[in-house]
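Heads up: the structure comes next, in structure tokens.
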Ligand SMILES: [Zn+2]
Ligand SMILES: [Zn+2]
């Protein structure tokens, strides 16, 4: 399995307009306001603040689920979310979808974008939801009395219709869902460093079973090993 890749999905040529799920319901029905504030509260729980990006994340998560015909997070890890940045936005998506790193239902592909792909692992359908390119300009029109951009976005992102906020596209993952999810029970040891590799993340190379680091695909350069006893001594010597 090749682990380094540029993109996790291929966008197909057509876009789904958010209107089938957003419009036509009347603006009052756009979303239950209590539901949204509850999700925003949940999102802000682990923050000292609520911010526009969290709201964006909650709204995006809800719309992505709607595009997959879920009105609430499905159980049994059916939903997989790939967020394209970490931080406040991701926390909003987590609050809306219940998908987390701990449940192995959330991945971060850090493209530095406030976009995400939601995958129905049962049917294989995947939808990528991204903010409309002019979302900020549109937001200011929804909060004309708020001169501060930050607070205008805070207000607007809670009331804007989906079709003004986002684009939704049907996408195909470039890695099979089975490979992304993998078998959680699997474990092997790296033939070079000996460390255990779980979740089928090993790489087979010339008859060897390698971890990503030993296969030359590492995010770090190992320098000098540190003795934990020395660490203890330093701590007590302080
Ligand atoms: Zn924030
Ligand atoms: Zn290794």
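In our numbering, the protein residues as written are 1369 to 1606. Glycine included, every Cβ here is placed at the ideal spot set by N, Cα and C.
Rounded straight-line distance, which links the Cα of residue j to that of residue i
i, j, result
"residue 1500", "residue 1532", "7 Å"
"residue 1491", "residue 1540", "12 Å"
"residue 1592", "residue 1599", "14 Å"
"residue 1560", "residue 1597", "26 Å"
"residue 1568", "residue 1506", "45 Å"
"residue 1563", "residue 1581", "10 Å"
"residue 1318", "residue 1578", "No information on residue 1318 is available, as it lies outside the stretch 1369 to 1606 that the chain covers here."
"residue 1571", "residue 1405", "45 Å"
"residue 1558", "residue 1511", "56 Å"
"residue 1503", "residue 1534", "8 Å"
"residue 1556", "residue 1573", "14 Å"
"residue 1363", "residue 1604", "This structure cannot settle anything about residue 1363, because the visible part of the chain is limited to 1369 through 1606."
"residue 1471", "residue 1441", "13 Å"
"residue 1436", "residue 1566", "30 Å"
"residue 1390", "residue 1403", "In this prediction, residue 1390 has a pLDDT of 37, which is less than 50 and means its spatial position is unreliable; nothing more can be read from the coordinates."
"residue 1439", "residue 1445", "15 Å"
"residue 1384", "residue 1585", "With a pLDDT of only 43 at residue 1384, under 50, the local geometry of the prediction cannot be trusted, and the value read off the model is given with reservation. Answer to the nearest angstrom: the Cα atoms are 36 Å apart."
Burial state of residue i, where buried means 16 or more other Cβ atoms lie within 10 Å
i, result
"residue 1434", "buried"
"residue 1432", "buried"
"residue 1466", "buried"
"residue 1521", "buried"
"residue 1589", "exposed"
"residue 1468", "exposed"
"residue 1484", "buried"
Selection from the options that minimises the alpha carbon distance to residue i
i, options, result
"residue 1530", "1475, 1548, 1555 and 1430", "1430"
"residue 1547", "1489, 1467, 1409 and 1483", "1489"
"residue 1497", "1472, 1538 and 1574", "1538"
"residue 1536", "1494, 1440 and 1581", "1494"
"residue 1474", "1486, 1564, 1480 and 1482", "1486"
"residue 1455", "1421, 1441, 1438 and 1468", "1421"
"residue 1407", "1576, 1526, 1470 and 1476", "1526"
Limits of the unbroken beta strand (DSSP E) element including residue i
i, result
"residue 1573", "1571 to 1573"
"residue 1540", "1534 to 1541"
"residue 1565", "1564 to 1566"
"residue 1488", "1484 to 1488"
"residue 1451", "1447 to 1451"
Span of the alpha helix (DSSP H) around residue i
i, result
"residue 1599", "1596 to 1604"
"residue 1428", "1420 to 1435"
"residue 1549", "1545 to 1549"
Should the stretch 1425 to 1439 be called in touch with the stretch 1457 to 1470, which here means at least 3 C-beta pairs below 8 Å? yes
Should the stretch 1406 to 1420 be regarded as contacting the stretch 1445 to 1455, the criterion being three or more beta carbon pairs within less than 8 Å? no
Is it the case that the stretch 1512 to 1530 contacts the stretch 1547 to 1564, given that we only count it when at least three CB pairs across the two stretches are under 8 Å? With a cut-off of 8 Å, the stretch 1512 to 1530 and the stretch 1547 to 1564 do not count as touching, because too few Cβ pairs lie within range.
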